[in-house]
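In what follows, a structure is listed as structure tokens, so that the remarks can point back to it.
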């Protein structure tokens with residue numbers, strides 16, 4: 001069977017040839033050929049660019065990622081702005097994406113360096129925005145809005161102060177925090193405005209009594225009238241205790257009144273404000289009417305005075321309205337960046353190095369000093385070579401689907417909270433001695449929750465490696481259902497969207513991605529048990545719309561190409577579509593399929609690459625790992641055999657499946673085994689490389705310690721010699737000074753009797769010195785005479801200067817030198833310095 005296909009305009013032409021063979025006629029071969037044409041151009045043109053874009057974001061579940069990122073913003077306006085910016089993907093150029101990533105990286109660095117003031121949870125930006133609108137319309141702002149403005153200014157000032165302190169610790173940090181450094185430090189903060197607001201507004205947002213004399217008098221009048229009304233009501237309630245109580249005093253519509261039991265008569269006259277059938281009535285005593293009227297008037301004066309104060313405050317705020325608007329806009333922008341940075345840190349993302357294509361065969365970055373890229377075989381190194389960098393179009397090692405990670409962490413956090421609550425409950429039960437049954441129940445619950453936490457920790461989402469070479473434009477992923485093909489598609493799509501939007505990518509370092517001008521996806525419900533013609537038509541509409549809109553800088557993701565129709569026609573159509581995308585379509589197209597024929601495209605076109613999702617045939621479950629360069633194979637017959645299907649049925653199925661197909665599967669199995677062995681050897685080589693590096697580092701440390709120790713010993717010896725020299729010189733100077741002083745003193749006094757003893761003393765000292773010298777010389781000669789018997793190599797001698805025994809190692813009688821060893825130390829001495837031991 002062979003396929004040839006082509007797309008021209010809105011027509012897809014498929015030519016298929018079937019060859020029939022029989023075991024009875026092995027040398028004969030016959031076949032027939034047919035041609036099918038589909039005309040669907042009018043139908044396909046209905047799709048618009050906006051619908052393709054929104055459909056792509058929907059199937060990739062980008063809105064859920066946006067919500068997750070937005071949850072890290074500190075203010076409601078920041079959350080709304082984060083979702084809006086991410087969802088709209090209003091990033092029209094490679095330079096904009098680089099700028100967004102620099103902003104995110106700057107805040108990540110600021111958080112790691114400990115810059116304070118980055119938590120905007122307490123800032124009420126909505127009230128600030130409302131205050132700005134009211135002030136511009138000439139409407140007095142509320143006290144709460146004024147307080148929000150003051151807190152906004154103070155928070156900005158705190159952020160600037162904290163940033164300055166960190167910048168002063170290192171000169172290089174100014175550039176590290178760019179471009180946030182300039183954005184924050186250029187904001188104008190008006191401390192006088194904060195002081196003005198704090199003078200008239202209290203901490204709860206109410207106007208202070210001292211804001212104006214009129215307000216103070218009006219509030220004092222209100223308090224006085226309320227006191228009088230309470231005393232009056234209390235008196236009436238005590239005098240008529242059968243119908244009312246003191247707790248029945250209440251205020252309705254600003255007027256003080258009493259609750260009276262229904263059907264009970266009162267001893268006081270009053271106005272019925274409201275009645276409850278069979279329950280209670282609200283009565284305003286007649287004596288309270290004048291006081292309530294006065295109270296209403298006093299409250300009116302309070303409101304009028306407060307409005308006057310707020311009106312004056314609004315006028316003062318209007319003079320700084322431009323600064324406030326700038327602060328509001330800047331804090332929202334910074335809050336958006338903070339949300340991106342905190343999300344990237346929370347999920348341990350990696351800064352992606354994005355590149356843009358000059359042409360189909362080259363990718364480059366705008367950063368001249370950007371990091372190089374390492375190969376898959378050396379991912380642990382911190383830098384990777386320029387040669388390797390040019391090797392990959394996409395380099396994602398251990399990439400996670402962001403929603404799977406989010407869901408797993410949320411479940412794990414909930415389980416840990418439940419476990420912590422169960423532990424607290426168990427401690428409470430034990431502390432209160434609530435009985436063995438209660439303790440056993442609490443311990444059982446704690447044990448089950450502990451197992452739940454352990455299970456969740458073990459069931460961590462499995463990452464995928466997505467490695468696409470520079471020359472590849474089409475990746476075809478094959479494999480069984482539920483093997484992870486669709487998740488892999490979504491992972492690469494979301495990673496590209498995240499990098500483009502200024503987010504870190506959830507993958508191991510390093511991360512390399514092209515800058516895609518657009519990401520298009522056609523991902524259907526692969527779990528459907530039946531697919532109708534309308535589903536097939538819908539996929540064709542979407543794919544053709546993508547084909548028309550995609551450029552040489554686009555990413556296209558196609559799930560289950562050619563599904564939903566006859567397998568033969570679906571295979572031919574899928575092959576034709578993929579070849580069309582590879583020839584005239586996107587920078588990169590990634591497609592998944594069940595059709596085995598599509599994996600043969602790699603051997604006809606160098607732009608294609610095969611990949612497959614691994615399947616564990618022993619445990620009969622997918623491993624969710626991608627095998628690159630290895631096409632997928634059929635597992636149905638082998639699985640059926642392992643599940644216990646009768647052997648005759650399995651054998652018949654293999655015969656019907658065909659010998660050539662079985663041989664292909666055997667080749668693929670060998671390729672998979674070779675790939676696994678290669679990766680195993682590669683991992684082992686990495687291990688030994690790390691061990692060697694560790695041992696080398698250890699040797700270098702030891703060598704450094706030895707050199708340092710030797711240097712210290714030499715320094716100590718030299719210092720000891722210098723110290724002895726200083727002491728000797730000091731003693732000589734002292735003796736010489738004493739002698740001069742004696743001579744000078746004797747000369748001055750002109751006493752011969754004093755001079756003579758001094759001279760005599762000096763002569764005696766000299767004589768004694770000469771005698772000592774002679775004695776030492778005699779002793780030395782005597783010692784030499786004693787040592788007429790020269791020691792031999794191996795003899796034991798006594799080193800008098802050290803007071804230790806040593807072994808003779810070498811002897812030079814001509815020079816009178818001897819080399820001895822004591823313990824681990826070798827010494828070169830004179831023969832006269834040692835004595836032969838008997």
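Residue numbers (full-length UniProt numbering): 1 to 838. Backbone N, C-alpha and C fix where the C-beta goes; we use that ideal spot for every residue, glycine too. Source: prediction; values computed, not measured.
Report the option in the options whose CA atom is closest to the CA atom of residue i.
i	options	result
residue 438	416, 627, 426 and 455	426
residue 121	339, 251 and 398	339
residue 611	570, 420, 292 and 469	469
residue 512	535, 499, 187 and 523	499
residue 415	431, 430 and 446	446
residue 288	683, 315 and 231	231
residue 821	796, 442, 473 and 645	796
residue 791	434, 548, 325 and 810	810
residue 622	462, 186, 646 and 423	462
residue 510	151, 51, 349 and 818	349
residue 255	306, 236 and 294	294
residue 88	53, 227 and 68	53
Under the three-state reduction of DSSP, which class applies to residue i: helix, strand or coil?
i	result
residue 742	helix
residue 835	strand
residue 515	coil
residue 643	coil
residue 396	strand
residue 535	helix
residue 268	coil
residue 624	strand
residue 505	strand
State yes or no: is the C-beta of residue i within less than 7 Å of the C-beta of residue j?
i	j	result
residue 209	residue 219	yes
residue 75	residue 335	yes
residue 174	residue 180	no
residue 491	residue 406	no
residue 123	residue 155	yes
residue 332	residue 116	no
residue 467	residue 412	no
residue 163	residue 184	yes
residue 356	residue 94	yes
residue 608	residue 555	no
residue 91	residue 341	no
residue 653	residue 639	no
residue 60	residue 493	yes
residue 141	residue 128	no
residue 508	residue 408	no
residue 478	residue 593	yes
residue 473	residue 582	yes
Looking at the secondary structure, which residues open and close the beta strand (DSSP E) in which residue i lies?
i	result
residue 806	804-812
residue 521	518-522
residue 608	608-616
residue 815	That residue, residue 815, is in no beta strand (DSSP E); it is neither H nor E in DSSP.
residue 593	588-593
residue 283	280-285
residue 554	554-558
Quick check on residue i: buried or exposed, where buried means 16 or more other Cβ atoms within 10 Å of its Cβ?
i	result
residue 351	buried
residue 46	Unreliable positioning characterises residue 46 in this predicted model, as indicated by a pLDDT of 40, which lies under 50. A coordinate reading is not provided.
residue 542	buried
residue 504	buried
residue 688	exposed
residue 595	buried
residue 539	buried
residue 831	buried
residue 22	Residue placement at residue 22 is poorly supported in this model, since its pLDDT is 36, which falls under 50; the coordinates still yield a value, given next. Residue 22 comes out exposed.
residue 823	exposed
residue 292	buried
residue 834	buried
residue 501	buried
residue 854	No information on residue 854 is available, as it lies outside the stretch 1 to 838 that the chain covers here.
List the endpoints of the continuous alpha helix (DSSP H) containing residue i.
i	result
residue 198	191-200
residue 151	143-168
residue 500	485-500
residue 423	402-431
I'd like to know whether the C-beta of residue i is nearer than 7 Å to at least one C-beta of chain E.
i	result
residue 217	In the displayed structure, chain E is absent; only one protein chain is listed.
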